[in-house]
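A.B. asks: Below is the structure I would like to discuss, written out as C-alpha cells.
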Amino acid sequence: MILNQENQEKCRKLLDRYGYRPQLMMLIEECSELIKAVCKMFRNGTCASAPSENFLEEMADVAVMFEQACMMFNITAAEINKRAKEKLDKKVSG
Ligand SMILES: [Mg+2]
24 MILNQENQEK CRKLLDRYGY RPQLMMLIEE CSELIKAVCK MFRNGTCASA PSENFLEEMA
84 DVAVMFEQAC MMFNITAAEI NKRAKEKLDK KVSG
C-alpha cells in the first residue's frame, strides 16, 4: 500500500512465516512504539521541527505491520481510501 513492490513481497514472506496472530501482536507493539516516539518528540520539544530518527524508524515499523494487516484481510488501497475520504470529508467540512 505505502510500501514498494519489493518491500511488499518481503511483508508477504513474513506473514507466511509467522502467521496472522503473531503479526497482529506485532502491529500492536509497533503502534505502541510509534506512540512512544511521538511522546518523546513532544517531551523534547522537537515535534514542530524535523522528525526524530526514532519517529522515522517507528513510522517504518508501523508501515510494515500495516501492510501485513492489509494482506491478512485482503484490504485494498481503494477500501482504505474510501473510508479515509469519508472521515476526511466530515473533518474538513466540520
Ligand atoms: Mg518498532
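Residue 24 is where the sequence shown starts when you use this note's numbering, and the numbers rise one by one after that. Every residue gets a Cβ at the ideal spot worked out from N, C-alpha and C, and that includes glycine.
Just jot down, in chain order, the residues whose CB lies closer than 6 Å to any heavy atom of ligand 1.
C.D. replies: Residues flagged by the Cβ proximity filter: Glu53, Glu56, Glu81, Asp84.
A.B. asks: So, helix, strand or coil for Met95, using DSSP?
C.D. replies: For Met95, the secondary structure class from DSSP, reduced to helix, strand or coil, is helix.
A.B. asks: Using DSSP with H/G/I as helix, E/B as strand and the rest coil, what is Asn27?
C.D. replies: coil
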